[in-house]
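Participant:
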Amino acid sequence: MLEEGPPNGAVIKVIGVGGGGGNAVNRMIAAQVEGVEFIVANTDLQALKLSNAAVKIQIGQKLTSGLGAGANPEIGRKAALEDTEKIIEVLEGADMVFVTAGLGGGTGTGAAPIIASLAAELGALTVAIITKPFLFEGKKRAQQAEQGLRELRECVDTVIAIPNERLLQTVQRGTSLSEAFRTADDILRQGVQGISDIIQIPGIINVDFADVRTIMQGMGMALMGTGTARGESRSSDAARRAISSPLLEEASIQGARGVLINITGPENLLLHEVSEAASIIHKAADEEANIIFGAVLDDSMTDQVKITVIATGFDKKEEQAPLIQMSHSQELRTVEMRPEPVSVPLTQAARAGALGVSENLTPMPANFDKTDLDVPAFLRRKLAD
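Quick note: the sequence shown uses the working numbering, first residue 6, plus one each step.
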């Protein structure tokens with residue numbers, strides 16, 4: 006399968022898993038999200054045919070005959086394990102991978118953790134942006150979604166979770182069911198675009214991929230909010246809106262240990278406006294938070310200011326743990342010990358170090374066999390336990 010990458014900058018890939026993830030990818034393509042490569046993976050062949058993504062992967066063909074996972078996450082998990090080679094092939098070379106899915110059903114819930122684990126082992130900064138089901142979808146789907154979320158948290162750097170139920174706070178009472186689900190899909194798009202735009206669009210105070218990685222690598226649950234405002238207090242109003250999104254699982258950035266702020270405004274954006282916005286966000290986060298700030302001037306904003314905030318590190322543990330990653334050149338490199346650990350180490354070697362089993366980790370040889378990735382790390386750990 007051939008894909009076209011961006012001529013410069015980080016290689017960002019978005020993989021939509023299952024029906025919800027596939028719908029979200031279609032929304033991103035329709036919204037002309039730039040600088041990313043789109044992939045969809047599904048057990049449902051009919052749904053794949055409706056996708057506008059350039060790269061489509063049918064997973065679990067032998068298992069499901071292209072008929073879907075029947076709302077059974079175990080079928081979704083086995084389907085992804087059946088086609089790990091296909092998944093590895095399309096994810097290789099990525100600096101950052103977004104895994105997007107609607108949790109609660111079969112394919113998205115079961116396959117997304119497998120795909121995310123493979124992306125992480127390939128060395129990509131891996132971010133899951135997912136939705137959780139409406140209450141009316143029933144207790145079983147809610148339980149399946151929570152299990153899927155727990156598995157994702159074991160193998161990704163950062164998770165942004167959006168409970169669909171909170172959409173009821175933002176939509177009108179007369180909103181149709183189909184429109185509500187489209188809104189949920191669009192929230193997934195906003196999550197991906199909000200982060201990818203920060204990396205791809207240059208600014209007078211530039212934020213690049215390395216900055217995003219600093220804030221998001223190994224950080225667990227995250228909040229991402231965007232606020233737009235105009236008028237005399239536009240920057241401060243936009244900042245408050247960005248940190249008070251009703252749609253996100255983490256409803257407050259209080260306690261965040263890492264915060265990335267990106268402000269976009271017209272040429273007449275004032276220094277004191279920028280300072281006020283940053284101060285509002287800084288006060289809401291942990292006083293020791295690592296804050297990275299970027300600013301972009303865009304005349305199309307006219308009199309508006311837009312602020313995007315990514316807040317992470319809410320649930321980092323107190324012990325230190327090493328993280329070992331495999332680079333795109335298929336060599337292993339040890340990432341420096343962090344003041345706070347990653348949420349869960351991505352390989353058995355890193356896990357052993359976290360438990361104090363060995364202080365001298367031996368990296369795998371550079372010419373490793375790709376088939377070693379056929380069983381993702383978090384499943385190997387469970388088998389080892």
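Virtual Cβ for every residue (Gly too), placed ideally from N, Cα, C.
In the stretch 211 to 254, which residue ranges form an unbroken alpha helix (DSSP H) of at least 4 residues, counting only runs that do not cross its ends?
Facilitator: Listed in chain order, the complete alpha helix (DSSP H) runs (minimum 4 residues) inside the stretch 211 to 254 are 214 to 221, 239 to 247.
Participant: Since Ile-258 and Leu-228 should fall inside the 8 Å C-beta cutoff, what is the C-beta to C-beta distance between them, to a whole number of angstroms?
Facilitator: Counted from its first residue, the sequence shown places residue 258 at position 253. Counted from its first residue, the sequence shown places residue 228 at position 223. Sure, about 6 Å apart at Cβ, within 8 Å.
Participant: Would you list, in sequence order, the uninterrupted alpha helix (DSSP H) runs of no fewer than 4 residues that lie entirely inside the stretch 102 to 163?
Facilitator: Here the runs fully enclosed are 112 to 126, 144 to 160.
Participant: Counting along the chain, where does the alpha helix (DSSP H) carrying Ile-203 start and finish?
Facilitator: Residue numbering aside, residue 203 sits at position 198 when the sequence shown is read from its first letter. From DSSP, the alpha helix (DSSP H) with Ile-203 extends over 182 to 205.
Participant: Rounded to the nearest angstrom, how far is the Cβ of Ala-116 from that of Gly-81, given a contact under 8 Å?
Facilitator: In the sequence shown, residue 116 corresponds to position 111, counting from 1. In the sequence shown, residue 81 corresponds to position 76, counting from 1. Indeed, because the Cβ distance is near 4 Å, the residues count as touching under 8 Å.
Participant: Using the Cα positions of Ala-59 and Glu-42, report the straight-line distance between them to the nearest angstrom.
Facilitator: Along the sequence shown, one-based indexing puts residue 59 at 54. Along the sequence shown, one-based indexing puts residue 42 at 37. If you take the alpha carbons of Ala-59 and Glu-42, they lie about 8 Å apart.
Participant: Under three-state DSSP, which class holds Val-95?
Facilitator: Numbered from its first residue, the sequence shown carries residue 95 at position 90. In the structure shown, Val-95 sits in a helix (DSSP, three-state: H, G or I).
Participant: Could you check where the alpha helix (DSSP H) with Glu-281 kicks off and where it finishes?
Facilitator: As a first step, residue 281 must be located in the sequence shown, where it is residue number 276. Unbroken alpha helix (DSSP H) run through Glu-281: 276 to 289.
Participant: Assuming Gln-309 is part of the beta strand (DSSP E), what are its boundary residues?
Facilitator: Within the sequence shown, numbered from 1, the residue matching residue 309 stands at position 304. Segment 309 to 317, the beta strand (DSSP E) holding Gln-309.
Participant: When the Cα atoms are used, what is the spatial distance from Ile-315 to Lys-144?
Facilitator: Against the sequence shown, residue 315 aligns to sequence position 310. Against the sequence shown, residue 144 aligns to sequence position 139. One C-alpha to the other measures close to 31 Å.
Participant: Whole angstroms are fine: how far does the CA of Glu-87 sit from the CA of Ile-452?
Facilitator: Beyond the ends of the chain as shown, which are 6 and 390, falls residue 452; an answer cannot be given.
Participant: Enumerated in chain order, which unbroken segments of the beta strand (DSSP E) with a length of 3 residues or greater are wholly contained in the stretch 10 to 74?
Facilitator: List check, beta strand (DSSP E) in window: 17 to 22, 41 to 47, 60 to 63.
Participant: Could you have a look at Thr-269 and say whether DSSP puts it in helix, strand or coil?
Facilitator: Residue mapping note: residue 269 aligns to position 264 of the sequence shown, counting from 1. In this structure, Thr-269 counts as strand in the three-state DSSP scheme.
Participant: Exposed or buried, which one is Ala-74 when buried takes at least 16 other CB atoms within 10 Å?
Facilitator: Looking up residue 74 in the sequence shown gives position 69. Buried, by the Cβ-count rule.
Participant: On the DSSP bridge list, what partners appear for Ala-166?
Facilitator: For the purposes of this step, residue 166 is identified with residue 161 of the sequence shown, where counting begins at 1. DSSP, once it has assigned bridges, lists Ile-135 as partnering Ala-166.
Participant: Could you have a look at Gly-263 and say whether DSSP puts it in helix, strand or coil?
Facilitator: Working through the sequence shown from its first residue, we reach residue 263 at position 258. It is a strand residue.
Participant: Assign Ile-80 to one of three DSSP states: helix, strand, or coil.
Facilitator: In the sequence shown, counting from the first residue as 1, residue 80 sits at position 75. DSSP places Ile-80 in helix when its eight states are reduced to three.
Participant: Give the DSSP-derived three-state secondary structure of Ala-294 in the structure shown.
Facilitator: Here residue 294 corresponds to residue number 289 of the sequence shown, with the count starting at 1. If DSSP states are grouped into helix, strand and coil, Ala-294 belongs with coil.
Participant: Based on DSSP bridge pairs, tell me the residues matched to Leu-302.
Facilitator: The sequence position of residue 302 within the sequence shown is 297, counting from 1. Gly-270, per the DSSP bridge assignment.
Participant: Taking Ala-300 and Ile-210 to be in contact with their CB atoms under 8 Å, please state how far apart those CB atoms are, rounded to whole angstroms.
Facilitator: In the sequence shown, the residue the question calls residue 300 occupies position 295. In the sequence shown, the residue the question calls residue 210 occupies position 205. With a Cβ gap of about 4 Å, Ala-300 and Ile-210 count as contacting.
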